[in-house]
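When you line the sequence shown up against my numbering, it's residues 959 to 1843, in that order.
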Amino acid sequence: MTSREVRRLFLDFFAERGHRIIPSSPLVLPDDPTLLFANAGMNQFKDAFTGRRRPEAPRAASVQKCLRVSGKHNDLEQVGRTPRHHTFFEMLGNFSFGDYFKREAIGWAWELVAGRLGLPPDRLWVTVFGGSAAAPADEEAERLWREVAGLPPERILRLGEEDNFWRMGDTGPCGPSSEIHYDLGEDLASARGESTPATDERRYVEIWNLVFMQFDQRGDGRLEPLPAPCIDTGMGLERITAVLQGKRSNYDTDLFLPILEAASEVAGARYGERPEADVSLRVIADHARAVAFLVADGVVPANDKRGYVLRRILRRAILHGRKLGIRGSFLDRVVPAVVHGLGEVYPELVASRAAILEICRREEERFAATVSTGLDLLEEAIGKLAGPKVVPGGELFRLYDTFGLPLDLARDVAAERGVELDLEGFEEELAKQRERARASWKGGRGPAGEGGGRVVPTEFVGHRTLQVDGARVVAARAVGVGDEPPLPVTKGKEVAVHLDTTPFYAEAGGQVGDTGILIGRNFRGRVVDTVRGPLGIEHRVLVEEGELEVNQLVRAEVDRDRRDSIRRNHTATHLLHAALREIVGPHVKQAGSLVAPDRLRFDFSHFAGLADRTLADIEELVNEKILGDEPVLAEEMGLDDALRTGAVALFGEKYGDRVRVVSIGDFSRELCGGTHCERTGEIGLFKLVQERGVASGTRRVEAITGEGSLERFRQTAEIVRSLESLLAVPREDLVAEVERRLARLRALERQLQRERARSVKEALYERAESAQVIEGVKVLSGRADGLDPQETRELADALRRKLRSGVVILGRREGPKASLLVAVTEDLQGRVPAGELVRELAGIVGGGGGGKPDLAEAGGRDPSRLDEALEAALEAVARRVAASV
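Following this line, the structure appears as structure tokens:
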């Protein structure tokens, strides 16, 4: 039975029994920022189990994509070394939301495995919960297995909480579980005593776990019965497929063999011949699957969170490729086997094929450019170890700090080589570096006066007003004039001020801080910035008149025009985010932003630049929403309630129990504490001005709105008017006229280039008539600027024929780079090898190269030393000729 048939049979079986078939959720669960990735089949039904959401149907079945690479569910280190551990896997499951319970779940499980799937009943074992101080033994499940399945008591094992009691968390739904195990064969027995599923993981494989959610765990640890008990089951597709195909390793099934074959072909290593090579091939096969599904679900490599997990998996695959002797790019030749094998079941793989291959290529190039050197140096350090096989913490930190070697890769290499890492010494060096960084910072320590070093509570009222009369100064300190400056602070000095109430928005969430004025009795100060300091909202105030004192009452007034510009840009940022997700794809995730009065900047996860047409579509959609004058609504609610409404939350952001949700019609809904327009029409006009990459897998767009877009329009109109005047044509003919003139200019440049090339060739032909003779060998060296690479080779061949016996060295500038070519006639190739000579000369221009004895080329970064290299060529030829005599 193929893996595809197993999937189909499982879903059909439960569809026949009234279950609704639910498609797999993405690995990145859209409404659950608490999980890095889906790691179990029940994840997408979590709210249905807890009662927060009404289930789509009382019974459901699914095949869920899962990834386990972090936290409690972390199988990464075991991948490739055991027959059953994977990063990515598929989980078959059936679920009941208060509908059926143990009798049906156990009966159908037995009917499926022993009936439809045809597994021999005498090789099946089950485990049940044997009881604990918190909950009684699951006598009911044990009885049902005897009644429904006819299992003898000796093949029903009672185990404890760690094995057979499932909890969603410290509180919430929980209950006993029952696992079905399959006996792979007595010859695999590895237990010293009695061999059972409880003592022998090598011989017995768990194929299905049935969870009976019947309790609600309270905060005090008490278990109370749920009013509607539920069923949650999980069967690993990889494991059941291996059992059905008579394999003892998941890697020997049709799920992995095509991928292993592709990896073997690239590595030139046949699977099954060498144990260590097999480990690396299995790691590559497993990781290729994980990479393909992560990218297809919108994850791109990054240095934190989900993106870092993807980068780490990619780097582990590349590392094992290096172990197999692969030095070039190879994952883009392995991943297509994943797409081919699973693309029909998961169409997102086919749709994302180009993106997956491109990300693999880019990460391998990045690995080669940044990590490879550090790995080589680590291998060198390991090779030099004498005595205790421990890499010193100082050396480990040097490789991390100077060469960018990730600590997790260092751990992988150390484990492979059987050595240890001095992690304590590494942490000490890291702490020293942090201390050096802290010591280099200069500034005030914290407010003097009231507050006493504690957080100063400030009521922010800037969402509803831009002015507060009678705000009290609760703490203040002078800025940049010593550790404990005295108060009050006088004219011309800057002071950090904390108020009990403020309309000023402090920089957060990408939005810059407000500016404005503070006015009190005998005091006036200009607020130049508002930030979140160590003690809370901090106003940076430049004193213009009088003196500021603690407990003084002031009028706090925000610069209205500046705030309005910021509001327009912030609301436009939400529209932009929604437009990107709609047009570019739901994989787009915010990776940073800046909301300033003059512009907005938005960073997002995506693997390639956006085409002009795509940018135009995004701009058009945003302006459509602006022209629609949609209301912008903000409401406070509980975090869980907000997520249930579909509000977009940024993964990794810390949210309190109460959050602010900003909605723009049904187009955008995000958690956001920033300031916004009341209607989208206030934005005026949205104009994209730039799109570029800022990091691997991260793109950046910048845009302007309101007065900024109007000013841009004016500037553009002035440029058009100037071009009309300069070219003496109306604006409708400007593009055609510019194209005509550029075409004429290019034609003239080509003609000039041909003349230059002809002049260069003629000069060199003429010099060939009287080439220098060094130690009896004719040598012709000269500049060939203006020729392309092919013309240079053809010229070298012609000059070599003209010399009949001799050496030709040509140098030319290619923009900011230098190029060298050496051609040697056949009779001299043994005495003056071209490849050897060009390598020596390339060092002078800061580069390298090589080639065959008759023709070799090199490049360099310093064209200013080309003449020096050509002069040195004469001496280099002389040395080689003299040495060959």
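Ideal placement from N, C-alpha and C gives every residue a C-beta, glycine not left out.
Please read these numbers as outputs of a predicted model, since none were measured by experiment.
- If you check the CB distance, leucine 1354 and leucine 1388 do not come in under 7 Å.
- In this chain, aspartate 1141 is not harboured by any alpha helix (DSSP H); it is covered by the beta strand (DSSP E) spanning 1130-1141.
- Counting the other CB atoms within 10 Å of its CB gives histidine 1421 a total below 16, which places it among the exposed residues.
- Taking the Cα of isoleucine 1138 as reference, the smallest distance to any Cα among Trp1083, Asp1472, Met1595, Arg1228 is reached at Trp1083.
- Within the DSSP bridge table, the entry for cysteine 1188 names Phe1055, Met1171 as partners.
- Unbroken alpha helix (DSSP H) stretches of 4 residues or longer found wholly inside the stretch 1673-1755: 1692-1726, given in chain order.
- Under DSSP, the beta-bridge partners assigned to glutamine 1022 are Met1049.
- Comparing C-alpha distances from glycine 1808 to each of Ile1802, Gly1801, Val1796 shows the shortest one belongs to Val1796.
- Judged by DSSP in its simplified three-state form, proline 1346 adopts coil rather than helix or strand.
- A residue is called buried once 16 or more other Cβ atoms fall within 10 Å of its Cβ, and valine 1257 is buried on that count.
- The beta carbon of arginine 1369 is closer than 8 Å to those of Leu1379 in its chain, skipping five residues each way along the sequence.
- Distances from the alpha-carbon of isoleucine 1524 to those of Arg1770, Ala1275, Leu1692, Gly1666 put Gly1666 closest.
- Taken in chain order, the complete alpha helix (DSSP H) segments of 4 or more residues contained in the stretch 1259-1340 are 1263-1281, 1293-1300, 1305-1309, 1311-1324.
- Within the model, the alpha-carbon separation for serine 1626 versus alanine 1536 is close to 6 Å.
- The DSSP-derived three-state label of arginine 1479 is coil.
- Closest by C-alpha distance to valine 1432, out of Leu1511, Leu1500, Glu1465, is Leu1511.
- Proximity to aspartate 1427 across Thr1459, Asp1174, Arg966, Val1349 peaks at Thr1459, based on C-alpha coordinates.
- Counting other Cβ atoms within 10 Å of its Cβ, phenylalanine 1007 reaches 16 or more and is therefore classed as buried.
- Under the Cβ criterion (8 Å, minimum of three pairs), the stretch 1526-1533 does not count as touching the stretch 1273-1287.
- Residue burial annotation: leucine 1706 is exposed, with fewer than 16 other C-beta atoms found within 10 angstroms of its C-beta.
- Annotated three-state conformation of lysine 1449 is coil, per DSSP.
- According to the DSSP secondary-structure assignment, glycine 1623 is paired through a beta bridge with no residue.
- In this structure, alanine 1776 lies away from proline 1747, with their beta-carbon atoms at least 7 Å apart.
- Scanning Gly1818, Tyr1266, Thr1750 for the CA closest to the CA of glycine 1773 turns up Gly1818.
- Residue nearest to proline 991 within the set Glu1749, Arg1602, Phe1059 is Arg1602 (criterion: CA-CA distance).
- As the crow flies, the alpha-carbon of aspartate 1174 is around 20 Å from that of alanine 998.
- Within the stretch 1045-1126, the complete alpha helix (DSSP H) runs of at least 4 residues fall at 1060-1068, 1097-1102, 1119-1122.
- In this structure, leucine 1424 sits near arginine 1518, with a CB-CB distance shorter than 7 Å.
- Pairing valine 1329 with arginine 1291, the inter-Cα distance amounts to about 21 Å.
- Considering only Gly1230, Ala1686, Ala1429, Val1590, the residue with the shortest C-alpha distance to glycine 1639 is Val1590.
- Burial check for phenylalanine 1562: the Cβ neighbour count within 10 Å reaches 16 or more, so the residue is buried.
- Remark: C-beta atoms of alanine 1156 and leucine 1184 do not approach each other more closely than 7 Å.
- Secondary structure of threonine 1423 (DSSP, three-state): coil.
- For threonine 1783, the three-state secondary structure derived from DSSP is coil.
- Counting only runs that start and end inside the stretch 1538-1626, the alpha helix (DSSP H) elements of at least 4 residues fall at 1570-1585, 1597-1602.
- According to DSSP, residue pairing for aspartate 1487 in a beta bridge involves Arg1498.
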